[in-house]
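Numbered by the working numbering, the letters in the sequence shown go through residues 762 to 1060 in order.
Cβ coordinates follow ideal geometry from the N, Cα and C atoms, glycine included.
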Amino acid sequence: MTPQRPVLPATDVKIERHLYFNLTNSKKVVYLLVPKMNDLVEGFQNLYLTSRSVEGPKVIRKNEAFLRNLLELAPEFKTWTNQTFDKPFHLVLGYYPYVNREYDASNTSKRNPYYKLKHVFRVENPFILAQYHLKKVQLEERNNAVMHYNYFHGTKGENLEPICLNNFNWRKVRKGKFGRGVSFSPRSDYSKHSTRRFNISIAPVLQNSLLAINPIEQQFNAMFLCKVLQGKCHVGAPFIDVPLNQCDTTTNGKGTVFVKYEDFEYCPQYIILMNSAKNPNWVVKKINYHLFDNYINLD
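This is the structure:
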């Protein structure tokens, strides 16, 4: 059952030149209305994003004109190979010599194998990107000190395509050392500990792209590089379901783990495929954290 909109003072927020949103805030629900786009409003009047709703995030209807206007907020969209809405998402395989060179210098520890970067895919999902930028507007209304960060997230092979389609889902997190949310890290060597070796056949979209390059190579580990919105933080704990004191993020206090709790506060940018390789020197080196600060044009 759709909750009733609360009657609260509203704040008009100008977004670029073409879009105006009316944001009505409550503790549980933020409603996004589009009063000055009457020709596109049908079906969007009840659009709302819930912070910790077990029903799941509300997704924008696939209205192409509406999405194109929303994506004017997203400079990343203009660099994409596929600026269309014919599919829920596209994965664009690219060759990054600079990324390869820097990533090969990173490692985990003596207890774990050295992972060599093999392939990079750019994730192009306009629906997730639009929701991400809407979320940024919401957080800025609540807290002006909201920043974009580029963080890694190690995962299993079977999670790759679902994340590309529907984004990360904090509801599936059963436990977390620093909070029950989605964990990210600015360090690829840290995120590698969360990866698991998998056969590419469980991710058909990836497999089809790689067959023409190397049909023999089938085993990989994977992680995402994501854009993450972050405002105020505090040190987390396993029992935390929602951050305290108007914070939106919990951390491990060392700057290597950041946990997010709301839908669309993160947007997957790249899939990084790796495989293990021998590293006789066992020299632990950290990846260049600013490597992905800017989008790299694949064209």
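Which one of the options has the shortest CA to CA distance from residue i?
{"i": "GLY940", "options": "GLU1023, LEU990 and TYR912", "result": "GLU1023"}
{"i": "PHE985", "options": "GLN991, HIS880, VAL1003 and ALA891", "result": "HIS880"}
{"i": "LEU895", "options": "ILE1033, SER1037 and CYS1028", "result": "CYS1028"}
{"i": "ARG903", "options": "GLN1007, VAL966 and VAL1020", "result": "GLN1007"}
{"i": "LYS897", "options": "PHE1019, ASP1009, ILE1032 and ILE1033", "result": "ASP1009"}
{"i": "ARG948", "options": "ASN930, VAL1018 and PRO965", "result": "VAL1018"}
{"i": "ALA906", "options": "LYS1021, SER1037, GLY1016 and LYS993", "result": "LYS993"}
{"i": "LEU921", "options": "GLU901, PHE882 and ALA835", "result": "PHE882"}
{"i": "TYR1031", "options": "LYS839, SER1037, GLN844 and HIS851", "result": "HIS851"}
{"i": "LEU926", "options": "LYS1021, ILE1033, GLN899 and LYS848", "result": "LYS848"}
Quick one: residues in its chain with C-beta nearer than 7 Å to the C-beta of residue i, no 5 flanking neighbours on either side, listed in chain order?
{"i": "PRO999", "result": "LYS936, GLY937 and LYS938"}
{"i": "GLY915", "result": "SER952, LYS953, HIS954, SER955, THR956 and MET984"}
{"i": "PHE846", "result": "LYS823, GLU825, LEU828 and PRO887"}
{"i": "ASN1055", "result": "Because ASN1055 carries a pLDDT of 36, less than 50, the predicted location of this residue cannot be relied on, and the following value inherits that uncertainty. Here the set comprises nothing."}
{"i": "VAL966", "result": "LEU852 and GLU922"}
Enumerate in chain order the residues of its own chain whose CB-to-CB distance from residue i is below 8 Å, with the five nearest sequence positions on each side excluded.
{"i": "ASN1013", "result": "LYS938, PHE939, VAL996 and GLY997"}
{"i": "LEU1005", "result": "HIS995"}
{"i": "PHE838", "result": "LEU832, GLN844, PRO887 and LEU890"}
{"i": "LYS900", "result": "It is Leu, not Lys, that sits at residue 900 in the sequence shown. These residues qualify, in order along the chain: VAL907, LEU990, GLY992, ASP1009 and GLU1026."}
{"i": "ASN1042", "result": "Unreliable placement is indicated for ASN1042, whose pLDDT of 47 sits below 50; no coordinate value is reported for it."}
Buried or exposed for residue i, going by 16 or more other Cβ atoms inside 10 Å?
{"i": "LEU878", "result": "buried"}
{"i": "THR1011", "result": "buried"}
{"i": "MET1035", "result": "buried"}
{"i": "LEU831", "result": "buried"}
{"i": "LEU890", "result": "buried"}
{"i": "GLU825", "result": "exposed"}
{"i": "ASP1002", "result": "exposed"}
{"i": "GLU885", "result": "buried"}
{"i": "LYS988", "result": "buried"}
{"i": "ILE924", "result": "buried"}
{"i": "ILE1033", "result": "buried"}
{"i": "ALA973", "result": "exposed"}
{"i": "VAL791", "result": "The predicted position of VAL791 is uncertain, since its pLDDT is 34 and thus under 50; a value taken from the coordinates is nonetheless stated next. With 16 or more other Cβ atoms within 10 Å, it is buried."}
For the putative contact between residue i and residue j, defined by C-beta atoms under 8 Å, what is the C-beta separation to the nearest angstrom?
{"i": "GLN968", "j": "TYR910", "result": "Actually they are not in contact, since the Cβ atoms of GLN968 and TYR910 sit about 31 Å apart, beyond 8 Å."}
{"i": "TYR893", "j": "PHE1025", "result": "5 Å"}
{"i": "ILE963", "j": "GLN979", "result": "The pair is not a contact, with the Cβ atoms about 10 Å apart (cut-off 8 Å)."}
{"i": "LYS933", "j": "PHE959", "result": "Actually they do not touch by this definition, with Cβ atoms about 18 Å apart."}
{"i": "ASN982", "j": "TYR876", "result": "6 Å"}
{"i": "VAL1080", "j": "LYS1015", "result": "Past the edges of the chain, shown from 762 to 1060, lies residue 1080, and the structure says nothing about it."}
Considering only residues of the same chain and omitting the five flanking positions on each side of residue i, which have a CB-CB separation below 6 Å?
{"i": "ARG970", "result": "Sequence check: residue 970 is Ser here, not Arg. These residues qualify, in order along the chain: LEU854."}
{"i": "ASN928", "result": "ILE889"}
{"i": "TRP841", "result": "GLU885"}
{"i": "ALA1061", "result": "Because the chain here runs from 762 to 1060, residue 1061 falls outside it and cannot be looked at."}
{"i": "ASN930", "result": "none"}
{"i": "PHE945", "result": "TYR912, HIS914, VAL989 and PHE1019"}
{"i": "GLU919", "result": "ILE963"}
* Could you give the uninterrupted runs of the beta strand (DSSP E) lying entirely in the region 982–1017, keeping only those of 3 residues or more? -> 994–996 and 1010–1012
Those runs of the beta strand (DSSP E) which lie wholly inside the region 904–931 and span at least 3 residues = 908–916
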